[in-house]
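J.: I am attaching a structure below and will ask some questions about it afterwards.
Chains as they are written, first to last, in my numbering: chain A, 1 to 115; chain B, 116 to 226.
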C-alpha cells in the first residue's frame with residue numbers, strides 16, 4: 001500500500017529558530033493535512049490544503065505557521081519562530097478525493113523538540 | 116460544538132476477554148465517525164468507519180445516535196490488538212474535511 005512519507009523523524013531546535021517539516025503525500029492524492037499531538041494530549045487538526053491554498057485552519061495555526069506545496073510532490077509545514085509549546089509530534093496526512101468518510105492516510109510523524 | 120470523548124485512558128484485559136472501547140461524540144448534524152489505531156511506533160491507520168458497517172480484525176462499532184456513542188467492540192481480545200485507539204469525528208468545513216480526535220485509549224491485552 002502506498003505511504004505518506006515524513007522527514008525528519010525527529011527534529012531538535014532552539015527556541016526562536018525556524019523549522020520546516022517535510023511530507024511527501026501519496027502521489028495521486030489532492031487533499032493534504034497537518035495534525036499535531038502534544039505529548040499526552042489528543043491529535044489536533046492544524047490545517048487542510050487543496051488546490052494550492054489553505055482550505056481550513058484551526059486557531060492553533062497562527063501567523064507563525066505556514067504551509068506550502070513547493071513542487072509536485074512535497075508538502076511542507078514551516079514554523080517561523082518556534083516556541084517551547086510547539087514541541088509535539090506532527091503528522092501529515094493526505095486523501096485522494098474530498099468526500100465524507102474519505103480515508104486519510106497518515107505519515108509516521110515528525111517529533112519536534114524545542115529547547 | 117464538535118467534540119469526541121474517550122473516557123478511558125487505559126483499558127487492560129486478558130487475552131480472550133471481550134473488549135469495549137468507549138467513544139461519545141457531540142455533533143449537530145449527521146455524524147461521520149471513525150476508529151483509528153496506532154500500533155507501537157507505527158503510523159495512525161484507519162481501523163473502520165461507521166458508514167461501511169465493516170468488521171476489521173474482528174472489531175465492530177455501531178453508531179447509536181440516541182446515546183451519541185460509537186463504541187468499539189471485539190468479542191475476544193488478542194495480544195496483537197494492544198495499541199492506541201482513537202475515535203474520530205469528521206467535521207465538515209471548506210473544501211476539505213477535518214477529523215476531530217478523542218484523546219485515545221491505550222488497549223493492553225495481557226497474555
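Glycine included, every Cβ here is placed at the ideal spot set by N, Cα and C. Small disclaimer: the values here were computed from a predicted structure and weren't measured.
Relative to the alpha-carbon of residue 39(A), which residue among 223(B), 218(B) and 222(B) has its alpha-carbon at the smallest distance?
T.: 218(B)
J.: With residue 124(B) and residue 222(B) assumed to form a contact (beta carbons below 8 Å), what rounded beta-carbon distance in angstroms separates them?
T.: Rounded, the Cβ-Cβ distance is 11 Å, inconsistent with contact.
J.: Return the chain-ordered ranges of every alpha helix (DSSP H) run that is complete within the stretch 127 to 196 of chain B and spans a minimum of 4 residues.
T.: none
J.: Using 9 Å as the limit for Cβ to Cβ distance, is residue 24(A) near chain B?
T.: When Cβ-Cβ separations below 9 Å define contact, residue 24(A) makes no contact with chain B.
J.: If you draw a straight line from the alpha carbon of residue 90(A) to that of residue 48(A), how long is it in whole angstroms?
T.: 14 Å
J.: Ordered along the chain, which non-local residues of its own chain (more than five positions away) have a Cβ less than 6 Å from that of residue 190(B)?
T.: 133
J.: The beta strand (DSSP E) with residue 7(A) in it runs from where to where?
T.: 5 to 7
J.: By a C-beta neighbour count over all protein chains shown, 10 Å radius and 16 as the cutoff for buried, is residue 169(B) buried or exposed?
T.: exposed
J.: Suppose contacts are defined by Cβ-Cβ distances below 9 Å. Is residue 112(A) in contact with residue 86(A) by that definition?
T.: yes
J.: What are the boundary residues of the beta strand (DSSP E) that includes residue 115(A)?
T.: Unbroken run through residue 115(A): none, as it is neither H nor E.
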